[in-house]
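First comes the structure, then the notes that go with it.
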Amino acid sequence: MTELFLHQQWLIWLTLLPLGAAVAAFLAPQQARWIGLATALLLPVCALAGILSVTLTHADPITAGGWPTPLGIELRRDGLALVMLAVTALVGFIISCYALGYFPVHDRHYDKVRYFWPLWLFLWGSCNALFVSGDLFNLYVTLELVTLSSVALIALEGGKQALAAALRYLFIGLLGSLSYLLGVGLLYGSYATVDIALLGEMISATRLNHAAMALMVAGLVLKSALFPLHFWLPQAHTMAPAPVSAALSALVVKAAYVILLRLWFEVFPALDTFAVGHLLGLLGSIAIVWGSLMALRQERLKLLIAYSTVAQIGYLYLVFPLAQPETMAAAWTGGVLLMMTHACGKSAMFMVAGTIHHTAGSDRLSRLAGAGGPVGVLAVVFTLAATTIIGLPPSGGFFAKWIFINAALVTGQWWYLPIILSGTLLAAAYIARVLGWAFLDVKRSSYPVIPWVMKWPPLVLSVIALLFGLIAYEPIQIALIGAPVHGSIMVEMTP
Amino acid sequence: MTGLYIGLALILLLTIAVGLVRVLRGPTATDRMLAAQLFGTTAVAILLLLGQAGNSTAIWDVALIFALLAAVAAVTFVRRRNIDTDSHQEGNRGHH
Amino acid sequence: MEPALIFDLILLLTLISLAWLLLASTDLFRAVVLFIAFGLLLALAWVRLGAPDVALAEAAIGAGISGALLLIGLGQLGSSERDRCPVRPLTFLQHLSAPVLIGVIIPSVTVILLLELRQLQVVTSGQQGLVQNLLSISGSDHPVTAVLLNFRAWDTLLEKGVLLLALITIWSLDQARPRFENTDIPPLLSGFGQLLLPLLILFAGVLLWQGGYVPGGAFQAGALLTAAMLLATLSGYALPSRWTGVALRLVLVAGFLVFLAVAAITLLLRGEPLHYPQRLAGGLILLIEIVATLSVAAILSAALAGGHPVTNLPPAATPTTKIEDKS
Amino acid sequence: MGIIDLISASLLLCSLPFFLAGTLGLLRFPDLYCRLHALTKADNLGLGLVVLALMIQADSFQVVIRLLLTWLLVLVAGATVAHLIAHQAQQDGHQPWRR
Chain E
30 MTELFLHQQW
40 LIWLTLLPLG
50 AAVAAFLAPQ
60 QARWIGLATA
70 LLLPVCALAG
80 ILSVTLTHAD
90 PITAGGWPTP
100 LGIELRRDGL
110 ALVMLAVTAL
120 VGFIISCYAL
130 GYFPVHDRHY
140 DKVRYFWPLW
150 LFLWGSCNAL
160 FVSGDLFNLY
170 VTLELVTLSS
180 VALIALEGGK
190 QALAAALRYL
200 FIGLLGSLSY
210 LLGVGLLYGS
220 YATVDIALLG
230 EMISATRLNH
240 AAMALMVAGL
250 VLKSALFPLH
260 FWLPQAHTMA
270 PAPVSAALSA
280 LVVKAAYVIL
290 LRLWFEVFPA
300 LDTFAVGHLL
310 GLLGSIAIVW
320 GSLMALRQER
330 LKLLIAYSTV
340 AQIGYLYLVF
350 PLAQPETMAA
360 AWTGGVLLMM
370 THACGKSAMF
380 MVAGTIHHTA
390 GSDRLSRLAG
400 AGGPVGVLAV
410 VFTLAATTII
420 GLPPSGGFFA
430 KWIFINAALV
440 TGQWWYLPII
450 LSGTLLAAAY
460 IARVLGWAFL
470 DVKRSSYPVI
480 PWVMKWPPLV
490 LSVIALLFGL
500 IAYEPIQIAL
510 IGAPVHGSIM
520 VEMTP
Chain V
2 MTGLYIGLAL
12 ILLLTIAVGL
22 VRVLRGPTAT
32 DRMLAAQLFG
42 TTAVAILLLL
52 GQAGNSTAIW
62 DVALIFALLA
72 AVAAVTFVRR
82 RNIDTDSHQE
92 GNRGHH
Chain L
190 MEPALIFDLI
200 LLLTLISLAW
210 LLLASTDLFR
220 AVVLFIAFGL
230 LLALAWVRLG
240 APDVALAEAA
250 IGAGISGALL
260 LIGLGQLGSS
270 ERDRCPVRPL
280 TFLQHLSAPV
290 LIGVIIPSVT
300 VILLLELRQL
310 QVVTSGQQGL
320 VQNLLSISGS
330 DHPVTAVLLN
340 FRAWDTLLEK
350 GVLLLALITI
360 WSLDQARPRF
370 ENTDIPPLLS
380 GFGQLLLPLL
390 ILFAGVLLWQ
400 GGYVPGGAFQ
410 AGALLTAAML
420 LATLSGYALP
430 SRWTGVALRL
440 VLVAGFLVFL
450 AVAAITLLLR
460 GEPLHYPQRL
470 AGGLILLIEI
480 VATLSVAAIL
490 SAALAGGHPV
500 TNLPPAATPT
510 TKIEDKS
Chain A
71 MGIIDLISAS
81 LLLCSLPFFL
91 AGTLGLLRFP
101 DLYCRLHALT
111 KADNLGLGLV
121 VLALMIQADS
131 FQVVIRLLLT
141 WLLVLVAGAT
151 VAHLIAHQAQ
161 QDGHQPWRR
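Residue numbers (the working numbering), protein chains in the order written: chain E, 30 to 524; chain V, 2 to 97; chain L, 190 to 516; chain A, 71 to 169.
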């Protein structure tokens with residue numbers, strides 16, 4: 030029985046099931062909702078089974094096609110893949126529930142409902158395919174799938190503005206992918222393989238390899254919207270329907286970042302990355318301050334949340350300068366932890382924004398006045414999710430920042446302390462601004478009834494985001510399975 | 002012989018490059034389309050020559066595809082909706 | 190200098206200047222024709238690079254379909270948009286960024302890359318030897334097909350997904366509109382269609398079949414079938430509306446679905462996706478290729494139609510409750 | 071260099087003026103209808119000579135058929151397109167050029 034259940038193929042079903050379901054939802058649009066719901070219920074089970082099978086057994090790694098690596102494609106089941114699969118399953122499940130309410134059957138735009146499910150299931154499946162891929166070219170293919178399905182989902186809202194945002198996102202995405210692909214081509218030309226593990230063993234610090242790294246990093250930085258290449262993100266994330274905004278901020282931005290982590294720690298450790306690491310750290314620091322300041326200035330809730338994403342991406346890029354030999358594990362863990370907790374918190378916030386937009390007819394902050402009363406649960410969800418964005422204890426965001434600060438102190442890069450601190454204060458300010466409007470004492474009773482699937486599922490995510498610091502030990506242990514890092518995480522915690 | 006094949010292909014390529022002037026100048030859409038049609042024929046010749054030079058029949062398959070699809074773009078051009086070449090015609094009438 | 194080298198240099202220079210001219214063109218029709226010429230020369234470039242498989246695909250797509258697609262798209266624009274690209278006033282940053290990008294960044298990156306590429310010692314012998322060694326058990330005698338449909342079939346499966354996804358995206362955006370006048374079809378055109386259609390279908394079959402041992406395969410064959418569909422449409426044929434429902438959708442997804450099913454079954458039985466049993470590899474590859482050809486043809490044709498088929502909305506879709514405008 | 075090679079080479083050299091004339095016509099002829107001639111006559115003849123040159127080099131009948139088919143297809147396509155374009159141009163009111 031355990032042999033049957035504890036098998037790594039569960040991790041591959043995480044790709045095949047949603048892709049198959051996407052096709053089914055396209056074939057039978059009338060049943061698309063139920064196909065989507067069934068898939069959303071199945072995938073967390075698959076993710077759990079897959080993680081258990083990897084942590085409890087010691088089976089050989091599997092490949093796609095069954096061919097050995099220079100020829101075939103290696104499928105990863107290391108810690109990074111596992112935590113990302115788990116987060117995707119959880120966030121995806123909640124987003125699917127929420128979408129059931131957001132796209133009702135009797136929608137005036139029949140097409141929206143009809144095409145949301147196939148596109149969303151495609152996005153879900155391709156994210157999972159990306160996270161398990163251990164092959165640079167396969168990562169390119171999966172990244173294209175992720176980008177294209179995101180473009181379609183952004184355009185789903187209809188209208189000229191959404192279409193323009195989607196088109197711009199498409200061009201940006203293609204530019205980033207091509208730059209990445211050019212780098213992959215250079216590496217393949219030199220080493221005749223695109224397997225991450227094999228490349229990591231062979232690569233030496235030649236100028237050509239540095240050029241390849243620069244191209245690939247530039248492409249991925251563009252795709253994950255690091256300052257100053259974030260200019261496309263606020264429009265794209267704001268124009269999309271709320272469940273899509275949630276998926277974009279929680280998963281899609283991270284997809285490019287996960288590839289970057291794999292490149293940095295597994296493919297290019299032999300290269301001299303000192304300057305690039307500090308450049309990324311500098312840009313990340315500017316992103317934290319700039320994104321937070323812009324968030325503070327916004328009059329619309331969705332834009333505010335989108336700019337907050339820009340700032341949070343900045344934190345993710347602190348990983349690279351902080352990953353010095355003695356703090357490599359710390360930086361890695363902090364980055365992974367931040368990805369997980371930001372995915373939960375930010376998607377919950379976008380869903381709340383979507384519900385408010387849905388009920389109040391606009392997501393202008395001024396329209397929020399008094400929303401704390403009649404739709405109070407939304408305000409609660411938002412507040413809880415915001416704790417991790419600000420970085421209050423015991424949220425995962427707090428924990429990640431704490432690890433970053435530790436690493437910064439150990440490596441003597443004290444200048445990141447004021448950056449993190451100011452980011453925290455600014456985040457507290459823009460969140461307080463939203464809550465200030467919501468809890469204003471204004472009598473409003475005109476809100477229509479909200480379906481329960483739009484109210485309660487996001488609460489799950491924000492509670493998880495809030496309590497992540499308390500349960501962080503297990504996820505961190507999983508994240509460190511096969512991680513290409515060493516060193517202590519914090520004084521009291523060594524892997 | 003190979004030198005002759007490649008040399009001829011080179012000259013044909015140059016005629017394409019020179020013919021681009023017609024695409025740039027127009028003046029009507031039809032003129033530009035016509036130039037593209039001419040390039041198709043020249044490209045078939047180039048491919049045949051390259052195939053002979055490289056002794057590769059796969060290249061002749063490419064030439065055959067070009068020949069099969071030579072008319073598709075031009076026929077689409079003629080048959081599509083809302084064609085009005087009027088906006089460019091003034092240039093043609095007085096042009097010698 | 191060798192004539193072959195001069196040929197390559199001229200080809201390269203023409204391609205780059207073509208790309209520049211078409212990007213800089215304010216007349217959209219001129220840009221389209223330049224793009225068609227670009228496709229032609231690109232196919233030549235693939236031939237020169239020794240990649241006949243890619244050249245075949247580029248010939249079918251570039252010469253036949255993308256030109257037609259752009260011409261159709263151009264026909265849909267209003268005449269004011271068609272004649273000139275709308276010129277928007279640029280912000281200060283955009284004014285600054287264009288010269289910086291074009292004048293500094295792109296040339297310097299290109300120069301650096303060219304300098305670095307001189308150091309590149311291409312290592313292909315290892316991989317090629319490996320492919321050749323395993324070719325006999327891969328189920329295909331053509332190395333490209335063996336790589337695409339066996340060794341790296343996982344990539345190809347996902348690429349088929351990209352194609353289907355592109356179609357779903359097109360369908361989600363708009364509904365198909367008639368692209369051509371259906372009156373007054375010149376008799377010469379119908380005669381031409383009748384002559385060419387059987388040839389196109391025949392040659393698509395040849396390409397599909399020969400993909401097993403020489404350059405060719407599903408994508409190239411599918412692209413040719415698409416050209417056949419396009420010619421049929423241009424000659425006045427149309428798909429009967431009773432076929433545009435589930436039947437059409439089944440053909441569209443079949444290529445991806447069959448591939449996915451093979452992946453699922455192999456995963457279930459052998460624990461690894463697309464790990465074919467050696468005896469069945471040839472048959473499975475042929476099955477996947479045949480279905481993929483039909484799907485590729487259907488998807489590209491549907492993309493040319495430019496939107497989802499016009500159907501009567503089912504009753505559930507009619508608005509029963511008015512929701513206020515969200516914008 | 072055998073006799074076949076010699077014939078083949080001279081055919082190839084003969085094809086060159088036709089291609090050059092085609093391009094010259096495309097660039098220098100005064101109007102659309104004249105340029106159509108360049109397209110349908112000169113280049114197709116040049117291609118015919120190339121095909122002929124390669125055909126006598128061919129070592130199998132199958133190759134001969136393939137080359138011939140390629141040429142015929144280009145001829146048919148050229149003729150059809152020329153007719154359609156001329157027809158269309160006439161309907162659009164293009165006046166033929168007069169000296």
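All C-beta atoms in this analysis are idealised placements derived from N, C-alpha and C, irrespective of residue type, glycine included.
Asked, Found
"Take H387 of chain E as the anchor and find which of E:V161, E:L438, E:V478 and E:A408 has the nearest alpha-carbon.", "E:V478"
"Nearest to A221 of chain E by CA position, among L:D216, L:V320, L:A470 and L:R237, is which residue?", "L:V320"
"Just reading off the alpha helix (DSSP H) that L369 of chain E is part of, what are its end residues?", "Note on residue identity: the sequence assigns Met, not Leu, to residue 369 of chain E. First-last of the alpha helix (DSSP H) with M369 of chain E: M357 to A389."
"For the alpha helix (DSSP H) containing L292 of chain E, name the first residue and the last one.", "That residue, L292 of chain E, is in no alpha helix (DSSP H); it is neither H nor E in DSSP."
"So what does A78 of chain E bridge to, in DSSP terms?", "Note: A78 of chain E sits in no beta bridge, so no partner."
"Mind checking who E103 of chain E pairs with in its DSSP beta bridge?", "E:T92"
"Distance check for V514 of chain E and L496 of chain E, CA to CA, integer angstroms please.", "26 Å"
"Checking contacts by CB at 9 Å: is V440 of chain L closer than that to chain E?", "no"
"Count the other CB atoms within 10 Å of the CB of T203 of chain L; is the residue buried (16 or more) or exposed (fewer)?", "buried"
"Find out if the Cβ-Cβ distance for the pair L310 of chain E, Y346 of chain E is shorter than 9 Å.", "Reading off the sequence shown, one finds Gly at residue 310 of chain E, where the question assumed Leu. For G310 of chain E and Y346 of chain E, yes; Cβs fall inside 9 Å."
"Using 10 angstroms around the beta-carbon of R271 of chain L, count the other beta-carbons present and answer buried if the total reaches 16, otherwise exposed.", "With a pLDDT of 49 at R271 of chain L, under the threshold of 50, the modelled position of that residue is not reliable, and no figure is offered here."
"What residues in the segment 89-109 of chain A have a beta carbon less than 8 Å from any beta carbon of chain V?", "F89, L90, G92, T93, L96, L97, P100, D101, L102, R105, L106, A108 and L109"
"Of the residues E:T412, E:L148, E:A436 and E:S178, which one's Cα is nearest the Cα of I64 of chain E?", "E:L148"
"Are the Cβ atoms of C116 of chain A and S80 of chain A separated by less than 9 Å?", "In the sequence as displayed, the identity of residue 116 of chain A is Gly instead of Cys. No. Outside cutoff."
"Does DSSP put R307 of chain L in a helix, a strand or coil?", "coil"
"Since F55 of chain E meets chain L, which of its residues come closer than 7 Å, beta carbon to beta carbon?", "I357, R438 and V442"
"Please look up how many angstroms separate the CB atoms of L50 of chain V and L9 of chain V, rounded, as I've assumed it's under 8 Å.", "6 Å"
"Establish whether the CB of L143 of chain A and some CB of chain L are separated by less than 9 Å.", "yes"
"Flag this pair as yes or no: are the beta carbons of L14 of chain V and I199 of chain L separated by less than 9 Å?", "yes"
"Count the C-beta pairs between the segment 349-364 of chain E and the segment 427-436 of chain E that are closer than 8 Å, then say yes if the count reaches three, no if not.", "yes"
"Is the CB of L124 of chain A under 9 Å away from at least one CB in chain V?", "yes"
"Measuring CA to CA, which of E:V112, E:A57 and E:L43 is closest to E503 of chain E?", "E:V112"
"Quick check: is the beta carbon of D375 of chain L nearer than 9 Å to any beta carbon in chain A?", "At residue 375 of chain L the sequence reads Pro, which differs from the Asp that was named. Yes, contact with chain A."
"What residues of chain E sit near S297 of chain L, judged by a beta carbon separation below 9 Å?", "Ordered by position in chain E, no residue passes the 9 Å Cβ test against S297 of chain L, which lies about 12 Å from the chain."
"Compare the C-alpha of V485 of chain L against each of L:F381, L:A249, L:Q383 and L:S379 and name the closest.", "L:A249"
"Spatial neighbours of H36 of chain E within its chain, please: C-beta separation below 7 Å, excluding the five flanking residues on both sides.", "S82"
"Quick one: give me the first and last residue of the alpha helix (DSSP H) that R459 of chain L is part of.", "V435 to R459"
"Under 9 Å between C-beta atoms, does M34 of chain V make it to chain L?", "yes"
"Alpha carbons only, please: which of E:M231, E:G426, E:M483 and E:L192 is nearest the one belonging to A500 of chain E?", "The sequence as given places Ile at residue 500 of chain E; Ala does not occur at that position. It is E:G426 whose Cα lies nearest to the Cα of I500 of chain E."
"Quick one: grab the DSSP three-state call for A327 of chain L.", "In the sequence as presented, Ala is not what sits at residue 327 of chain L; that position holds Ser. In this structure, S327 of chain L counts as coil in the three-state DSSP scheme."
"Which residues of chain L have a Cβ atom closer than 8 Å to the Cβ of Y144 of chain E, listed in chain order?", "I357, W360 and S361"
"Tell me whether K189 of chain E is buried or exposed, calling it buried when 16 or more other Cβ atoms sit within 10 Å of its Cβ.", "exposed"
"Could you check how far apart the C-beta atoms of G154 of chain L and L223 of chain L are, in whole angstroms? I think they sit under 8 Å.", "Lying outside 190 to 516, the shown extent of chain L, residue 154 of chain L is not represented and no answer is given."
"Cβ of L49 of chain V less than 9 Å from any chain L Cβ?", "no"
"Tell me the rounded alpha-carbon separation between A46 of chain V and A195 of chain E.", "42 Å"
"Here's the rule: buried if 16 or more other CB atoms are within 10 angstroms of the residue's CB, otherwise exposed. What is L233 of chain L?", "buried"
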